[in-house]
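J.: The structure is given below, and queries will be raised subsequently.
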Amino acid sequence: MYTKLIGHVDSDCFYVSAERVRRSHLQNVPCGVLGNQGACVIAKSYELKADGVKTGMPIWEAVKYSAHAVFVKRDFRWYEVVSKRMLDLLKTVSPSVEYYSIDEMFFDANQLPRIYNCSMEKAAYCLQEQIREKVGIPVSIGIAPSKTLAKLGSDTAKPYGCRVLLNSDDDFLKSQPVGELCGVGGKSNLKLQAQGIHTCYDFIQADRIKIRNLLTVKGEALWYELHGESVCPIVTRRPTHKAISRGGSIGHKSKDWNKITGWLTRNIERLSEALNAAQLHTHLLTLSIQFEDHTGWGQTVKLEEPTSDSGDLLGAAKQMMSCMPLDQCVSYMHLIADRLTPHGLVQKSLFKQRAPSAIDQLKEAVNTKLGRFVIRSGDTLEVNDLYGDEANNYEICDVSGKMCF
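One gets my numbering by counting positions in the sequence shown from 1 and adding 36 to each.
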């Protein structure tokens with residue numbers, strides 16, 4: 037029997053469940069959450085899934101599958117509130133909690149039997165019930181000696197179930213396709229399949245060095261984790277960013293230079309805001325574009341000096357964009373700040389000393405007090421309708437503290 041155990045809490049249909057916390061009439065109703073300016077389904081209830089609606093489906097297609105469904109706009113501010121309620125609750129029953137994502141958390145599970153005065157199996161259900169009662173959302177829970185096994189446990193317990201793996205369970209591992217493991221993507225799965233490794237049991241029976249040669253040290257870590265050896269510890273505080281990006285769909289595809297510039301400016305202002313919030317400067321800025329035929333274009337510039345100033349970043353981004361071919365419509369845009377340096381560690385040029393941007397400081401002060409984007413660049417007037425919808429003013433990447441997107 038394993039002595040040290042890690043728990044994994046995974047919210048069931050989190051965005052929909054969060055909406056049901058404040059909108060009780062949505063209980064047991066086919067429900068979907070819309071993203072990308074309300075154009076497609078980014079989350080769905082089990083009832084909507086049963087009707088045949090898939091994540092990413094355009095709204096005009098989704099309504100054909102489920103005529104009585106209710107669709108609501110995303111609200112990441114509210115989802116963050118619900119998510120952090122769950123985080124706070126877990127911290128009352130565990131000394132170490134990892135805020136993995138907005139709807140998933142790892143935690144030290146060793147104190148649960150003492151707290152709930154019962155076996156580990158029953159304690160998992162007690163915690164599940166407490167989250168449902170206090171936070172209002174259904175979750176699935178996995179408890180095991182490693183993160184990988186705990187996540188595999190919660191994934192296979194859905195919806196609204198618990199799986200506790202106190203001992204090695206070969207039958208369970210034999211029933212799980214290796215492609216279901218977090219960290220085994222499509223290409224990795226193909227490599228494993230070619231070697232006759234189809235299940236998680238096959239994976240642990242394979243030679244460790246062979247797995248390392250196939251999937252690098254990350255695959256080797258999975259091998260240890262599936263054997264019940266915890267090599268991926270719980271991380272209670274997010275490490276410093278190695279890179280920060282902002283962007284995504286630009287809504288309706290466009291060749292309009294002014295509109296594309298408006299989106300560029302919006303994304304730069306959001307990137308600058310994120311850099312300043314993290315107290316970081318960037319040395320490199322990358323602009324990545326995807327066109328309507330799914331081809332791409334990109335360029336990277338090394339900045340004259342590390343900066344988080346929106347004016348500097350926008351100037352560099354516009355210079356890059358001036359080289360972009362515009363033979364067809366742009367559909368996606370991403371800006372990536374790389375080679376990041378903490379504010380206090382930047383070595384300024386001997387010949388060019390510049391105070392922090394007064395404009396950025398003013399924007400931050402006013403927007404913090406009166407609302408995000410109350411003050412913004414005039415270039416963004418070309419996409420003014422975007423700012424009229426509150427759903428567009430807070431994105432999943434704005435939710436602070438989580439380990440991954």
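Glycine included, C-beta positions come from ideal geometry on N, C-alpha and C. Just so we're clear, the structure is a prediction, and the values are computed from it rather than from any experiment.
List the residues that DSSP assigns as beta-bridge partners of Ser176.
T.: Per DSSP, Asp46.
J.: Taking its Cβ as the centre, do 16 or more other Cβ atoms sit within 10 Å of Gln397, making it buried, or is it exposed?
T.: By the neighbour-count rule (16 or more Cβ atoms within 10 Å), Gln397 is not buried but exposed.
J.: At the level of alpha carbons, what is the spacing between Asp374 and Thr343?
T.: Each residue's alpha carbon lies about 11 Å from the other.
J.: Of the choices Val45, Ile432, Arg408, whose alpha-carbon is the least far from that of Val200?
T.: When each option's Cα is compared against that of Val200, the closest is Val45.
J.: If we count the other Cβ atoms within 10 Å of its Cβ and call it buried at 16 or more, is Lys183 buried or exposed?
T.: Flag for Lys183 reads buried.
J.: Closer than 8 Å by C-beta to Ile395: which residues in its own chain qualify, once you throw out the five before and the five after it? Chain order, please.
T.: Ser346, Gly347, listed in sequence order.
J.: Could you pull the DSSP bridge partners for Ala79 from this structure?
T.: Answer is Val69.
J.: Do the stretch 113 to 124 and the stretch 81 to 89 meet, that is, are 3 or more Cβ pairs less than 8 Å apart?
T.: Taking 8 Å as the limit for Cβ pairs, the verdict is that the stretch 81 to 89 does not touch the stretch 113 to 124.
J.: Report all residues from its chain with a CB closer than 6 Å to the CB of His370; omit the five preceding and five following residues, and keep chain order.
T.: Cβ neighbours of His370 beyond the five flanking positions: Ser281, Gly283, Ser324.
J.: Could you tell me which residues DSSP puts in a beta bridge with Glu140?
T.: According to DSSP, which records beta bridges pairwise, Glu140 is partnered with Asp46, Ser137.
J.: For the beta strand (DSSP E) containing Met369, name the first residue and the last one.
T.: Segment 366 to 378, the beta strand (DSSP E) holding Met369.
J.: Out of Thr331, Glu140, Glu418, state which residue places its alpha-carbon closest to the alpha-carbon of Ile270.
T.: Ile270 has its Cα closest to that of Glu140, out of Thr331, Glu140, Glu418.
J.: Can you list the alpha helix (DSSP H) stretches of 4 or more residues lying completely in the stretch 276 to 301, in chain order?
T.: Complete alpha helix (DSSP H) runs here, min 4: none at all.
J.: Using the rule of at least 16 other Cβ atoms within 10 Å of the residue's Cβ for burial, across every protein chain shown, is Asp48 buried or exposed?
T.: Its Cβ being crowded by 16 or more others within 10 Å, Asp48 is buried.
J.: Suppose the cutoff is 6 Å on Cβ atoms and the five residues either side in sequence are ignored; what does the same chain contact list for Ser367 look like?
T.: Closer than 6 Å at the Cβ level, and outside the excluded window around Ser367, lie Lys289, Gln326, Glu328.
J.: Pull up the CB-CB distance for Leu376 and Lys278, whole angstroms please, since I reckon it's below 8 Å.
T.: That belief holds up - the Cβ atoms of Leu376 and Lys278 are roughly 7 Å apart, short of 8 Å.
J.: Output the boundary residues of the alpha helix (DSSP H) element that contains Ser346.
T.: Start and end: 346 to 357.
J.: Judging by CA-CA distance, which residue of Ile138, Ser137, Tyr136, Ser132 is the nearest neighbour of Leu148?
T.: Cα-wise, what sits closest to Leu148 is Ser132.
J.: Let me make sure I understand the geometry here. Which of Met439, Glu256, Trp96 has the alpha-carbon closest to that of Arg273?
T.: Closest by alpha carbon: Met439.
J.: Could you spell out the range, first to last residue, of the alpha helix (DSSP H) harbouring Arg113?
T.: Start and end: 112 to 129.
J.: Please report how far the alpha carbon of Ala160 lies from the alpha carbon of Ile179, in whole angstroms.
T.: Using only the alpha carbons, I get a separation of about 8 Å.
J.: Below 9 Å between beta carbons: does that hold for Arg110 and Ala427?
T.: Contact: yes.
J.: Ignoring anything shorter than 4 residues or poking outside the stretch 162 to 242, list the alpha helix (DSSP H) runs there in chain order.
T.: If we require 4 residues or more, the alpha helix (DSSP H) runs fully inside the stretch 162 to 242 come out as 183 to 193, 206 to 210, 222 to 230, 236 to 241.
J.: Assuming Ile177 and Gly43 make a contact with CB atoms under 8 Å, what is their CB distance in whole Å?
T.: Right, their Cβ atoms sit about 6 Å apart.
J.: Is the beta carbon of Val45 within less than 8 Å of some heavy atom of the ligand FMN?
T.: Absence of the ligand FMN from the depicted structure is noted, as is the absence of any ligand whatsoever, leaving it without description.
J.: Starting from Val108 and walking both ways along the beta strand (DSSP E), at which residues does that stretch end?
T.: 106 to 109 is the span of the beta strand (DSSP E), which, as asked, contains Val108.
J.: Taking DSSP as the reference, what is the three-state secondary structure of His263?
T.: Of the three classes helix, strand and coil, the one that applies to His263 here is coil, per DSSP.
J.: Let's test the definition: count the other Cβ atoms within 10 Å of the Cβ of Thr318 and tell me whether it reaches 16, buried, or not, exposed.
T.: Flag for Thr318 reads buried.
J.: Nearest to Arg302 by alpha carbon, out of Ala353, Leu258, Glu341, Thr252?
T.: Per the Cα distances, Ala353.
J.: Ordered along the chain, which non-local residues of its own chain (more than five positions away) have a Cβ less than 6 Å from that of Cys365?
T.: So the list reads Lys289, Ser290, Lys291, Glu328, once near-sequence residues are dropped.
J.: For Gln164, count neighbouring C-beta atoms within 10 Å of its own C-beta (all shown protein chains included) and say buried if the count is 16 or more, exposed if not.
T.: With 16 or more Cβ atoms within 10 Å of its Cβ, Gln164 is classed as buried.
J.: Give the secondary structure of Ser324 by DSSP, where H, G and I count as helix, E and B as strand, and everything else as coil.
T.: Here Ser324 sits in strand by DSSP.
J.: Are the beta-carbon atoms belonging to Val89 and Ala103 less than 9 Å from one another?
T.: Not in contact: Val89 and Ala103 (Cβ atoms no closer than 9 Å).
J.: What is the rounded straight-line gap between the Cα of Val108 and the Cα of Leu70?
T.: Taking the straight line joining both Cα atoms gives about 6 Å.
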